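Engineer: Mind having a look at this structure? Questions to follow.
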Amino acid sequence: MMFETSRLYARHFREDDLEEFAMLCADPEVMRFVGDGPTLTRAEVAHWIEVCQDKYANRGYGTSAIFERISGSFIGYCGVVRAPDRSFDELIYVFRRESWGNGYATEIGQAMLTYVFSISPLDSISATIDPDNERSKQVATKLGMTETPTSDATVSYWSIQRPGDVAP
């Protein structure tokens with residue numbers, strides 16, 4: 016386990032997470048605002064797990080599996096990643112539909128930001144959010160992120176600076 020909150024815990028993805036992770040990524044409603052919105056195949060998810068494991072080894076952080084503490088159920092993923100076409104690290108979070116509306120994104124997002132700032136030299140962490148994804152914008156606001164105005168109507172950019180009292 017990497018860290019836990021009052022209701023959730025995060026750990027590195029393992030090969031035995033493939034089935035549940037693939038089910039999550041096969042749900043069109045869950046994936047609507049992820050990347051360009053397509054669902055992922057089982058093979059793509061298996062590759063993603065390998066990429067996550069590489070990121071853990073090389074950077075100390077990446078995308079992590081998220082579980083409910085009481086039930087032990089896999090409910091989604093959260094992490095700080097750098098997309099190949101980006102020059103910044105961004106917070107990502109995706110949860111099963113059954114887990115929506117419980118405050119999990121805010122809870123684990125805050126814990127993930129704290130964790131990554133404590134182990135990395137990053138000065139800021141960003142989020143790229145579809146302008147139609149009101150729920151995600153609410154989460155970003157609750158996390159203390161601020162929106163950066165842009166002329167790009169396809170995405171809104173948010174960021175948070177390293178807290179002054181958190182050293183890597």
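Taking my numbering, the leading residue of the sequence shown gets 16, the next gets one more, and so forth.
Using N, Cα and C, we set each Cβ at its ideal position, and we do this for glycine too.
None of the values given here were measured: they were computed from a predicted structure.
Does the Cβ of His-27 have 16 or more other Cβ atoms within 10 Å, making it buried, or fewer, making it exposed?
Structural biologist: Buried: at least 16 other Cβ atoms inside 10 Å.
Engineer: Unbroken alpha helix (DSSP H) runs of length 4 or more, entirely within the region 37-115: which are they?
Structural biologist: The region 37-115 contains these whole alpha helix (DSSP H) runs: 43-46 and 57-74.
Engineer: Could you give the residue range of the beta strand (DSSP E) that holds Thr-12?
Structural biologist: Outside the displayed span of the chain (16 to 183) sits residue 12, for which this structure offers no information.
Engineer: What does Leu-137 pair with, by DSSP beta-bridge criteria?
Structural biologist: Answer by DSSP bridge pairing: none, since Leu-137 is not bridged.
Engineer: Does the distance from the CB of Phe-110 to the CB of Ala-98 come in under 8 Å?
Structural biologist: Taking 8 Å as the Cβ cut-off, Phe-110 and Ala-98 do not qualify as a contacting pair.
Engineer: Residues in its own chain within less than 8 Å of Phe-48 by CB, not counting five upstream and five downstream?
Structural biologist: Excluding positions up to five away in sequence, the list reads Ile-144, Asp-145, Asp-147, Asn-148 and Ser-151.
Engineer: Is Leu-128 helix, strand or coil when you go by DSSP?
Structural biologist: Leu-128 falls in the helix class under three-state DSSP.
Engineer: Please report the residue range of the alpha helix (DSSP H) in which Arg-150 lies.
Structural biologist: Start and end: 149-157.
Engineer: With a threshold of 16 other CB atoms inside 10 Å of the CB of Asp-32, please say whether the residue is buried or exposed.
Structural biologist: Counting Cβ neighbours within 10 Å, Asp-32 comes out buried, since at least 16 surround it.
Engineer: Report the partner residues of Arg-26 according to the DSSP bridge assignment.
Structural biologist: DSSP lists Ala-80 as partners of Arg-26.
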